[in-house]
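Numbered per UniProt numbering, the sequence shown finishes at 159, counting up by one with no gaps. Taking it in order: structure first as structure tokens, then the write-up.
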Amino acid sequence: MTASTAPAGKGPSGKGSPRQSQVDPLAPLRTPDDPPWDVYLTGTVFLDIIFTGLDSAPVRGTESWARGMGSSPGGVANMATALARLGLRTSLAAAFGDDHYGDYCWDALEHGEGIDLSPSRTVPGWHSPVTVSMAYEGERTMVSHGHEPPPEEPAPQCP
């Protein structure tokens, strides 16, 4: 299995620059010598599929219907998204599968949240990890699927 890195500023979809945060809470403290990112994260990105509005836990041998459903990048992407939404310049190094789930997560993080994915990579032949979460009675049950993640790339030199 080999890894490829998407061009800087472009995800697997080939789209342009990500959305930039409108608020920079550290702007008054920044100097020209500061590193380009406030936060550098590594970890596994999952595609999260969340079902809500279930009346009860799924029963074996039956089909359950949910009144609501959503999907978003999960795993380490939850932390990256929260930090970016707080206005911190956030960079994420993660492996993305070369499937629709990986493309969706990459696009949502880079273009939707303005997270730098230049240290991330798309791994040919690797299926993106998925978690399905079912919420009912104030609790949630999760089912996850994934393969052993590919070996991590060495982290870039930090100043």
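The beta carbon of each residue, even a glycine, is placed where N, CA and C say it ideally should be.
Alpha carbon of residue i to alpha carbon of residue j, nearest angstrom
i, j, result
"Pro28", "Glu137", "46 Å"
"Thr141", "Asp33", "46 Å"
"Tyr101", "Gly70", "14 Å"
"Asp107", "Ser133", "22 Å"
"Gly74", "Gly61", "29 Å"
"Asp55", "Ser144", "22 Å"
"Gly112", "Tyr40", "18 Å"
"Gly114", "Val59", "40 Å"
"Glu139", "Ala66", "14 Å"
"Thr30", "Gly53", "Checking the displayed sequence, the identity of residue 30 turns out to be Arg instead of Thr. Cα to Cα, Arg30 sits roughly 45 Å from Gly53."
"Pro149", "Gly43", "10 Å"
Boundaries (first-last residue) of the alpha helix (DSSP H) holding residue i
i, result
"His100", "100-107"
"Leu29", "Element bounds for Leu29: n/a, residue is neither H nor E."
"Arg85", "76-85"
Which listed residue (the options) has its alpha carbon closest to that of residue i
i, options, result
"Leu117", "Glu139, Thr81, Thr131", "Thr81"
"Ile49", "Gly68, Trp37, Asp103", "Gly68"
"Glu110", "Asp98, Ser128, Ala93", "Ala93"
"His127", "Tyr40, Gly97, His145", "Gly97"
"Leu83", "Leu26, His147, Thr122", "Leu26"
"Pro151", "Asp38, Arg89, Ala95, Pro35", "Ala95"
"Cys105", "Ser72, Val123, Thr122, Ala135", "Ser72"
Element boundaries [beta strand (DSSP E), containing residue i]
i, result
"Ala135", "130-136"
"Leu92", "90-93"
"Asp48", "45-52"
"Thr62", "Counting along the chain, Thr62 falls outside any beta strand (DSSP E), and DSSP gives it neither H nor E."
Status (buried if at least 16 other CB within 10 Å, exposed otherwise) for residue i
i, result
"Gly125", "exposed"
"Val23", "exposed"
"Ser120", "buried"
Any non-hydrogen atom of the ligand PLP within 8 Å of residue i CB
i, result
"Val132", "Inclusion of the ligand PLP in the displayed structure is not the case, the ligand content being empty and no account of it being possible."
9 Å Cβ cutoff, residue i in contact with chain C
i, result
"Glu113", "Although the question refers to chain C, the structure presented lacks it and comprises just one protein chain."
Residue i and residue j closer than 9 Å at C-beta
i, j, result
"Phe46", "Ala77", "yes"
"Arg89", "Trp37", "yes"
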